[in-house]
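4 protein chains.
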Amino acid sequence: MNESSQTSSKAGPRAPRRDRGHARVEVLLSAAAQVFADKGYEAATTTEIAAAAQSSIGSLYQFFPTKQAVALALIRQQSADLGARLAAMAEASAGWDVDEVARRLAGALVDFRASHPSFARLIDTPGAPEAVVLDVRRGMRLQLAAILAPHAPALGRARLMAVAAVVQQVMKSAVALNDDPAADNPSAARAALAELREMLRVYLGAALA
Amino acid sequence: MNESSQTSSKAGPRAPRRDRGHARVEVLLSAAAQVFADKGYEAATTTEIAAAAQSSIGSLYQFFPTKQAVALALIRQQSADLGARLAAMAEASAGWDVDEVARRLAGALVDFRASHPSFARLIDTPGAPEAVVLDVRRGMRLQLAAILAPHAPALGRARLMAVAAVVQQVMKSAVALNDDPAADNPSAARAALAELREMLRVYLGAALA
Amino acid sequence: MNESSQTSSKAGPRAPRRDRGHARVEVLLSAAAQVFADKGYEAATTTEIAAAAQSSIGSLYQFFPTKQAVALALIRQQSADLGARLAAMAEASAGWDVDEVARRLAGALVDFRASHPSFARLIDTPGAPEAVVLDVRRGMRLQLAAILAPHAPALGRARLMAVAAVVQQVMKSAVALNDDPAADNPSAARAALAELREMLRVYLGAALA
Amino acid sequence: MNESSQTSSKAGPRAPRRDRGHARVEVLLSAAAQVFADKGYEAATTTEIAAAAQSSIGSLYQFFPTKQAVALALIRQQSADLGARLAAMAEASAGWDVDEVARRLAGALVDFRASHPSFARLIDTPGAPEAVVLDVRRGMRLQLAAILAPHAPALGRARLMAVAAVVQQVMKSAVALNDDPAADNPSAARAALAELREMLRVYLGAALA
DNA sequence: CATGAATGAGTTTTCATTCAT
DNA sequence: AATGAATGAAAACTCATTCAT
Chain X
1 MNESSQTSSK AGPRAPRRDR GHARVEVLLS AAAQVFADKG YEAATTTEIA
51 AAAQSSIGSL YQFFPTKQAV ALALIRQQSA DLGARLAAMA EASAGWDVDE
101 VARRLAGALV DFRASHPSFA RLIDTPGAPE AVVLDVRRGM RLQLAAILAP
151 HAPALGRARL MAVAAVVQQV MKSAVALNDD PAADNPSAAR AALAELREML
201 RVYLGAALA
Chain S
1 MNESSQTSSK AGPRAPRRDR GHARVEVLLS AAAQVFADKG YEAATTTEIA
51 AAAQSSIGSL YQFFPTKQAV ALALIRQQSA DLGARLAAMA EASAGWDVDE
101 VARRLAGALV DFRASHPSFA RLIDTPGAPE AVVLDVRRGM RLQLAAILAP
151 HAPALGRARL MAVAAVVQQV MKSAVALNDD PAADNPSAAR AALAELREML
201 RVYLGAALA
Chain L
1 MNESSQTSSK AGPRAPRRDR GHARVEVLLS AAAQVFADKG YEAATTTEIA
51 AAAQSSIGSL YQFFPTKQAV ALALIRQQSA DLGARLAAMA EASAGWDVDE
101 VARRLAGALV DFRASHPSFA RLIDTPGAPE AVVLDVRRGM RLQLAAILAP
151 HAPALGRARL MAVAAVVQQV MKSAVALNDD PAADNPSAAR AALAELREML
201 RVYLGAALA
Chain Y
1 MNESSQTSSK AGPRAPRRDR GHARVEVLLS AAAQVFADKG YEAATTTEIA
51 AAAQSSIGSL YQFFPTKQAV ALALIRQQSA DLGARLAAMA EASAGWDVDE
101 VARRLAGALV DFRASHPSFA RLIDTPGAPE AVVLDVRRGM RLQLAAILAP
151 HAPALGRARL MAVAAVVQQV MKSAVALNDD PAADNPSAAR AALAELREML
201 RVYLGAALA
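Chains as they are written, first to last, in UniProt numbering: chain X, 1 to 209; chain S, 1 to 209; chain L, 1 to 209; chain Y, 1 to 209.
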């Protein structure tokens, strides 16, 4: 899926020649996901990542030239995963009505961010290389647009992309509401999330009409 | 609420007792705002803040016991400012219809975040002390609720707070769209913002009805 | 008593012209005694000393040119006090037998160190200027010798000074035993002190015979 | 007792896993001994210790998490050494009379402190963690008691510990007399030391009788 | 004299990255 | 490849001392 594009990339992991190395890379990346999710990009240390992967600092640098490269590989991996989910949804969404699209989108993206907690941290935080982050964001918007397009044949390209951008932001908000224990009580958090879903439904209903 | 009790606070600035001290604190805080806005909390250095304020590092630590205290003081100062703006809006909003409320809210908050670029960085970033950040967020939600309440007399308290939480997230999204040069071109950014405003209008229209 | 010698000293407090200044110096010195006793010379800060004296650093430096000068003045003051006590004892000791001399010496010196806790810290610690410390120690030995001499007319000068040096060390030990909560229980500390007194008694009995 | 569990200790050195690491730790510790002996705990700097060990500051912190940990490791190392000497003496002392015990004890402990000049500085100074220091002192008293016990079968446990505590203080005094160039001349220092030895002899003769 | 702000060299500690084994 | 030691620039923070008011 991505073995050819990754190898040619400047900052990606060096191509491991053997399965052992490949496995090590995977372990390192999931350790990195843990640590980045817990502490954020800046506060995470390469030593801690290596330790969490039961590996040594030397090993980590065998596969990743810099700390940034680790974050980058992680972003690429996770955004590929996200891309696959959105692609699947694009195929399935043909028969849905707008309400269902709204509901499914909300569900899918909240799920994704919940199961990839480092994703938000890395993508909304300084430290990760701008260019890649922007690419990922644009890619996601394009996929959202692809999902929305069939339900709004009348919308121009520009307007469609604007809608996609708004939907993307709503997704981010969902995660924020989920994480923030600031709501006076857990039920308040749930209520806010329901409210957000409602906003998306109403809005898409109006925008795609 | 807390503008008078700063001295007794654990991590607040040491109260200056001379005019020169007050002036220095102001200069330091605006330098800090610059630097935090540019680099984020972690990457900002106290040395750089002091230099930007044309003072020595010793002077900074004369008034702020830690780097975190600087961020804190900044958050408090700026959230007091935001609070004042929302309070003013609450008074003026009596005669507005829902559409106008949506428009004004969007305008005010986007303006605020645009003129206080460090605010978002500090409040959405680890490093700032959780308790204060949560307080600020809750305070803002309460003020939003106060603005919305008169236009939705039928809404229960819980529902109202959920709506306020959603509006708060929309505001954050507006800033993100504003900052993110990811949109393919400047006009796309403007379109997305307009779209966001539209979402708010439609949503508030439905929710407050 | 000491107003003329102190003024001429290079590092002593500047002669205060007024009573107000004089009082301030006293307060500063007793604050310094507190702080030095608590933290030792190095860890004590001039700011803390000034604060403990309800004064400002500026004021402290009005009277003492350096931190070392504060310690010095304190040592001088306290050793003058000690000197007075020993002088008094020298006069009174004519009629005592050796046992009584031992008992009184032990009592007097333990008392003194207990009521001047900073003395030991400053005199046994680096930081205080060597020359003064050595002077103080020598002075104390001379006074001890003066007390002991009448009870050991046969002893040569050199031997007498050696005995005085040993007695001085025993005094220091008494303080150490007093302070050290290492003894398994308080009664053990008392037992050790009694033992020390016994050692002094036996030893002086033998040495002065 | 504690020679095997260093790794699990909270503030101990990180265990080196390579020969090079072990060697480096040794070098660092002896450099630290030098510097601590010269300047005392507070005035010694980690930078200077690293330089004296011809390593980088980073290497020091690779093995010791804090400056205090360096002092701690040194105390532990040296007190283990001292413990071994005392243990050896305990075995050999069976056939000695009290005079010989006094002489040998004095000799051994003065020797030890003379060859480990940092020991006294660290153990009598604030900065070293209290708990460890107290442990070391208690251990030493126990060993002294073990040496003295056979020569005073009639002494109760409590009395024996008190005697041991006194002997310990005498040892400290010996070092102080040794170090202190305050005596009017070198021969005076020697005389005082001889006098101290005499005190110990007389005292132990009386106490153990 | 009193006060508290200003200064900056110096201290401990961290951490990404490189190297030797 | 794997490991862990080596490195040193850089960061946060301290504190004796000087200065302006």
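All C-beta atoms in this analysis are idealised placements derived from N, C-alpha and C, irrespective of residue type, glycine included.
| Item | Value |
| --- | --- |
| Kindly list the residues whose CB is nearer than 8 Å to the CB of Ser-137 (chain Y), restricted to its own chain and excluding five residues on each side of it in sequence; keep chain order. | Sequence inspection shows Arg at residue 137 (chain Y); the Ser mentioned does not correspond to that position. Answer for Arg-137 (chain Y): Ile-123, Gln-168, listed in chain order. |
| Please name the residues in the segment 138–162 of chain L whose beta-carbon is closer than 9 Å to at least one beta-carbon of chain Y, in chain order. | Arg-138, Arg-141, Ala-158, Arg-159, Met-161, Ala-162 |
| Please say whether Gln-68 (chain S) and Phe-119 (chain S) have beta carbons closer to each other than 8 Å? | no |
| Taking the straight line between their C-alpha atoms, what separation do you get for Ala-33 (chain X) and Ser-115 (chain S)? | 34 Å |
| Mapping DSSP to helix, strand and coil, what is Arg-190 (chain L)? | helix |
| Between Gln-143 (chain Y) and the rest of its own chain, which residues show a CB-CB distance below 6 Å, the 5 nearest in sequence each way excluded? | Leu-86 |
| Which residues in chain X have a C-beta closer than 7 Å to the C-beta of Val-166 (chain S)? List them in chain order. | Ala-192, Glu-195, Leu-196, Met-199 |
| Can you tell me whether Gly-58 (chain X) sits near the ligand MG, meaning its C-beta is under 7 Å from at least one heavy atom of the ligand? | Absent from the structure shown: the ligand MG. Ligands present: none. |
| Between X:Val-170, X:Leu-134, X:Phe-36, X:Asp-135, which lies nearest to Glu-195 (chain S) when the distance is taken from Cα to Cα? | X:Val-170 |
| Whole angstroms is fine: what's the gap from Val-166 (chain S)'s alpha carbon to Ala-192 (chain X)'s? | 6 Å |
| Would you decide whether Thr-45 (chain Y) is buried or exposed? Buried here means 16 or more other CB atoms lie within 10 Å of its CB. | exposed |
| Tell whether a beta-carbon distance below 8 Å holds between Ala-50 (chain S) and Leu-60 (chain S). | yes |
| If we call anything under 8 Å between Cβ atoms a contact, is Ile-75 (chain X) one with Val-132 (chain X)? | yes |
| Can you tell me whether Leu-155 (chain L) is helix, strand or coil according to DSSP? | coil |
| Taking the CB atoms as reference points, tell me whether Gly-83 (chain Y) and Gly-139 (chain Y) lie closer together than 8 Å. | yes |
| Among Y:Ala-90, Y:Glu-130, Y:Ala-53, Y:Asp-180, which one has its Cα closest to the Cα of Glu-130 (chain L)? | Y:Asp-180 |
| Does the beta carbon of Leu-208 (chain Y) sit closer than 8 Å to a beta carbon anywhere in chain L? | no |
| Kindly indicate which three-state DSSP category Gly-40 (chain S) falls into: helix, strand or coil? | helix |
| Would you check if the distance between the CB atom of Glu-42 (chain L) and the CB atom of Ala-145 (chain Y) is smaller than 8 Å? | no |
| Output yes if chain X places a C-beta closer than 8 Å to the C-beta of Lys-67 (chain S); else output no. | no |
| Please list the segments of the alpha helix (DSSP H) lying wholly inside the UniProt DNA-binding region "H-T-H motif" (45–64) of chain S, counting only runs of 4 or more residues, in order along the chain. | 46–52, 57–63 |
| Anyone know if the C-beta pair for Met-199 (chain Y) and Tyr-203 (chain L) falls short of 8 Å? | yes |
| Please list the partners that Leu-177 (chain Y) has in chain L, where partner means a Cβ-to-Cβ separation under 7 Å. | Ala-165, Gln-169 |
| Of all the options S:Ala-164, S:Pro-153, S:Ala-31, which has the alpha carbon lying nearest to the alpha carbon of Ala-94 (chain S)? | S:Pro-153 |
| Just confirm the distance between the C-beta atoms of Ala-102 (chain X) and Arg-201 (chain X), as a whole number of angstroms; I'd bet it's less than 8 Å. | 4 Å |
| Does DSSP classify Arg-17 (chain Y) as helix, strand or coil? | coil |
| Give me, in chain order, the residues of the same chain whose beta-carbon lies closer than 7 Å to that of Ala-52 (chain S); leave out the 5 immediate sequence neighbours on both sides. | Ala-31, Gln-34, Val-35 |
| Is there a Cβ from chain Y that is less than 8 Å from the Cβ of Thr-7 (chain L)? | Because the pLDDT at Thr-7 (chain L) is just 37, under 50, the model does not fix this residue reliably, and the point stays unresolved. |
| What residues of chain X sit near Glu-42 (chain S), judged by a beta carbon separation below 7 Å? | Glu-42, Ala-43 |
| Should Val-110 (chain Y) be flagged as near chain L, meaning a C-beta pair shorter than 8 Å? | no |
| Output, in chain order, the set of chain S residues within a Cβ distance shorter than 7 Å of Val-202 (chain X). | Val-202, Tyr-203, Ala-206 |
| Distance cutoff 8 Å, beta carbons only. Does Ala-33 (chain Y) sit that close to anything in chain L? | no |
| Under a Cβ-count criterion, where at least 16 other Cβ atoms within 10 Å of its own Cβ denotes burial, should Ala-23 (chain Y) be classed as buried or exposed? | exposed |
| I'd like the list of long-range same chain contacts for Asp-81 (chain X), defined as Cβ closer than 8 Å, with 5 residues on each side in sequence excluded. | Phe-112, His-116 |
| Look at the alpha carbon of Asp-99 (chain X) and the alpha carbon of Gly-58 (chain Y), and state the distance between them as a whole number of angstroms. | 60 Å |
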